[in-house]
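Worksheet: one structure, shown below.
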Amino acid sequence: MDKDTITIMDTASKIARRLETSLPTLTLLSGVDVGRMYLLESEANVIGRKKNANVSIPHDSVSREHAELFVPSSGSCLLRDLNSTNGTQVNGVDIGSNAVTLATGDRLRLSKTIQLRFSIQDDLERDMQADLYSAASRDALTGAYNKRFFLEWLEQEYAHATRHENNLALAVLDLDHFKKINDTHGHVVGDQVLQEIAKRIHGTLRADDILARFGGEEFVVLMRGTEIESATRVAERIQTLISADPVVSDGINIAVTLSIGVSAMPLFEPKNAKDLFDRADHWLYEAKRAGRNCVKAEPNSDK
Numbered sequence: 000m001d002k003d004t005i006t007i008m009d010t011a012s013k014i015a016r017r018l019e020t021s022l023p024t025l026t027l028l029s030g031v032d033v034g035r036m037y038l039l040e041s042e043a044n045v046i047g048r049k050k051n052a053n054v055s056i057p058h059d060s061v062s063r064e065h066a067e068l069f070v071p072s073s074g075s076c077l078l079r080d081l082n083s084t085n086g087t088q089v090n091g092v093d094i095g096s097n098a099v100t101l102a103t104g105d106r107l108r109l110s111k112t113i114q115l116r117f118s119i120q121d122d123l124e125r126d127m128q129a130d131l132y133s134a135a136s137r138d139a140l141t142g143a144y145n146k147r148f149f150l151e152w153l154e155q156e157y158a159h160a161t162r163h164e165n166n167l168a169l170a171v172l173d174l175d176h177f178k179k180i181n182d183t184h185g186h187v188v189g190d191q192v193l194q195e196i197a198k199r200i201h202g203t204l205r206a207d208d209i210l211a212r213f214g215g216e217e218f219v220v221l222m223r224g225t226e227i228e229s230a231t232r233v234a235e236r237i238q239t240l241i242s243a244d245p246v247v248s249d250g251i252n253i254a255v256t257l258s259i260g261v262s263a264m265p266l267f268e269p270k271n272a273k274d275l276f277d278r279a280d281h282w283l284y285e286a287k288r289a290g291r292n293c294v295k296a297e298p299n300s301d302k
């Protein structure tokens, strides 16, 4: 075969592979979780606020079962609204009770806050989108969520808890004497300690809890639907877990402890999301004053 024929066959092979791995997706274009991609692997995909929806978007402006997207084995993908509160738009047009055929690039609007893009993506495109989302929302060193993501998520969770009079707990965690670890063992080892601490903390949390690195050696844990007693137990479990076993780096045992402050609403009634954070940070300061390596939490006068 000549060179041109080989090139044509190679191109055809690449196109065939892309077609084989192409799958329909929805990508969030707005809101806290902007950039998150949902892979539509079922024939019937429910989009809604409920946890077990195929495309679960936990935002108050989205109905529990907002819309349904059909992905047949052959033919076009169809979208229909499920009598949602705010309706469903495609490219700015309300679809009402109609089933609408979707094409790559179409934009879905579930509310003023939540918009998504429909597209058919191959595995390379999906991997690229996942990498972009991770870079925007995750701390590169520890894999925990980053400060920007946490602050936006805190605002959303505060609004939800306030509107529905639900529990919301926040723990602020700070590694004790971390500068000494860096000065004694170097920043590379310090980074290893942060990675191990984040891994241990994450292993103690529920799937719904949010762990973020707030900055430096400070982490935060946001716990939806959690009262102060349960949140305090979680914090105490984390504090004990961290102090019980040293972090091992190149055969060297490095003792690490945490100070933790915990607050929760509605036991504490914050004026806004920042007020809730500042209150948990206040209890962190109290833990530091008490000698570190301990938990201080909002006192419950009802006990």
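Residue numbers for the sequence shown follow numbering that gives the first Met the number 0, so the first one is 0 and each next one is one higher.
Every residue, glycine too, gets a C-beta built ideally from N, C-alpha and C.
The model shown is predicted, which means the values in this text are computed figures rather than measured ones.
Inset, instruction - With DSSP as the reference, please indicate the residues paired to Y37 in a beta bridge. - result: L25
Legend entry - Collapsed DSSP secondary structure at G142 in the structure displayed: coil
Legend entry - Under the three-state DSSP convention, the category G202 falls into: helix
Legend entry - Terminal residues of the beta strand (DSSP E) in which F213 lies: 209-214
Inset, instruction - Tell me whether the beta-carbon of A168 lies closer than 8 Å to the beta-carbon of I259. - result: no
Legend entry - Spatial distance of S62 from Q114 (CA atoms): 14 Å
Inset, instruction - Write down the C-beta distance between V233 and I196 rounded to the nearest angstrom, noting that I regard them as a contact closer than 8 Å. - result: Contact flag wrong, Cβ pair sits at about 15 Å.
Inset, instruction - Measure the alpha-carbon distance for A52 versus L109 and round it to whole angstroms. - result: 15 Å
Legend entry - Length of the line joining the Cα atoms of L266 and N166: 8 Å
Legend entry - Whole-angstrom distance between D130 and S41, CA atom to CA atom: 23 Å
Inset, instruction - Classify D80 as buried or exposed, calling it buried when 16 or more other Cβ atoms lie within 10 Å of its own Cβ. - result: buried
Legend entry - Environment of E268 [buried if 16+ CB atoms lie within 10 Å]: exposed
Legend entry - CA nearest to the CA of G104, picked from L25, A289, E226, H58: L25
Inset, instruction - Sort A98, S248, I241, V33 by Cα distance to N181 and report the nearest one. - result: S248
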